[in-house]
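Visitor:
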Amino acid sequence: MEKSKIKAVVFDLDGVVTDTAEFHYIAWKNLANRIGIDFDRTFNENLKGISRMESLELILEQGDMAERFSPAEKVALATEKNDEYVALINDITPADILPGILDFLQELKDHGIKTAIASASKNAPAIVEKLEIRHFFDYIADVGAIPNPKPAPDIFLVSAAHLGAHPSECVGIEDAAAGVEAIKAAHMMAVGIGEVEQLGGADLILDGTAELSLNEISNAFLEFKNGESA
Ligand code: BG6
Ligand code: MG
């Protein structure tokens, strides 16, 4: 039986394939606190999927410090955060792959479904290498070459094009509101990993990656297609 007409699955990395979202949180919190800005997990949700410099701007704005630093000082602050982040990810291993992801990737491969990573992180290629999963992906988007960041659809559209798939044949998987928005703007089916409060725009919301399976997303994909043609 044809399980699905899904041709490609495009994955976010941080918080979907591995829990690096927690390391981003720790590094931003330490930087924010050092310069006297409160930082909690609720505010951190706004930064998921957002680029390094944009994240810094949002943190400074929320601390009423947007005007306090010169462009060069802002680059130095972002570098300080990244240095801590890089130190935190230094020790990650395949054991840090989130539950269910390896089985799901193998299932996709077995069914000839193409895969890509569409991450806003410049550290994404290094993380994929450390997790020893490069061979599972047909394409890793180069965020430096993507015109507009999430929530714009660009990174998902570029990934689909590289996989030879039309967006309507693709599923995107994200843990961030900006990411789900980007997937929807690309006119793909969106799977959100996390809570409905943040990811309400997704077509399918799962509590965690352990729930990912080809069967689960294929059923949702059929419903999505039926809903679109209704
Ligand atoms: C995204 C994360 O994947 O990458 C964001 O969700 C992060 O939190 C962004 O800011 C950029 O990452 P990096 O590693 O280039 O600073
Ligand atoms: Mg993410």
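When we follow the numbering used here, the leftmost residue of the sequence shown carries the number 30, and every step to the right adds one.
Using N, Cα and C, we set each Cβ at its ideal position, and we do this for glycine too.
Going by C-alpha to C-alpha distance, which of D139, H164, E136 sits closest to I146?
Guide: Comparing Cα-Cα distances from I146 to each of D139, H164, E136, the minimum goes to H164.
Visitor: Is G221 near E203, with beta carbons less than 8 Å apart?
Guide: Yes, Cβ-Cβ distance for G221 and E203 is below 8 Å.
Visitor: Ordered along the chain, which non-local residues of its own chain (more than five positions away) have a Cβ less than 6 Å from that of E31?
Guide: A caution first: E31 carries a pLDDT of 45, below 50, which makes its placement in the model too unreliable to give a value.
Visitor: Cβ atoms of S150 and L42: under 8 Å apart, would you say?
Guide: The answer is yes: Cβ separation under 8 Å.
Visitor: Under a three-way DSSP split, which group does T122 fall into?
Guide: Residue state, collapsed to three classes: coil.
Visitor: Buried or exposed: which applies to H195, given that a residue is buried once 16 or more other Cβ atoms fall within 10 Å of its Cβ?
Guide: So H195 ends up on the exposed side.
Visitor: Would you say the beta carbon of H191 is closer than 7 Å to some non-hydrogen atom of the ligand BG6?
Guide: False, no ligand heavy atom lies under 7 Å from that Cβ.
Visitor: Between the C-alpha atoms of L85 and L106, what's the straight-line distance to the nearest angstrom?
Guide: Cα to Cα, the separation comes out at about 8 Å.
Visitor: Between A219 and G201, how many whole angstroms is the CB-CB distance? I'm expecting something under 8 Å.
Guide: Their Cβ separation, rounded to whole angstroms, is 5 Å, which keeps A219 and G201 in contact under 8 Å.
Visitor: Do you know how far the Cα of E257 is from the Cα of A249?
Guide: Approximately 12 Å between the Cα atoms of the pair.
Visitor: Starting from the Cα of P180, find the closest Cα among S99, E136, S80 and give me that residue.
Guide: The candidate whose alpha carbon is nearest that of P180 is S80.
Visitor: Pull up the distance between the alpha-carbon of L228 and that of A207, whole angstroms please.
Guide: L228 and A207: Cα-Cα distance of roughly 9 Å.
Visitor: The alpha helix (DSSP H) spanning A206 covers which residue range?
Guide: Note, A206: alpha helix (DSSP H), 206-214.
Visitor: Comparing the CB of H53 with every heavy atom of the ligand FAD, is any distance shorter than 7 Å?
Guide: Among the ligands present in this structure, namely the ligand BG6 and the ligand MG, the ligand FAD is not found.
Visitor: Tell me whether T238 is buried or exposed, calling it buried when 16 or more other Cβ atoms sit within 10 Å of its Cβ.
Guide: It counts as buried.
Visitor: DSSP state of E245, grouped into three classes?
Guide: Looking at E245 - three-state DSSP - the assignment turns out to be helix.
Visitor: Quick one: Cα of G173 to Cα of F253, how far?
Guide: Taking the straight line joining both Cα atoms gives about 32 Å.
Visitor: Counting only runs that start and end within the region 108-186, where is the alpha helix (DSSP H) found for 4 or more residues in a row?
Guide: Listed in chain order, the complete alpha helix (DSSP H) runs (minimum 4 residues) inside the region 108-186 are 130-139, 153-159.
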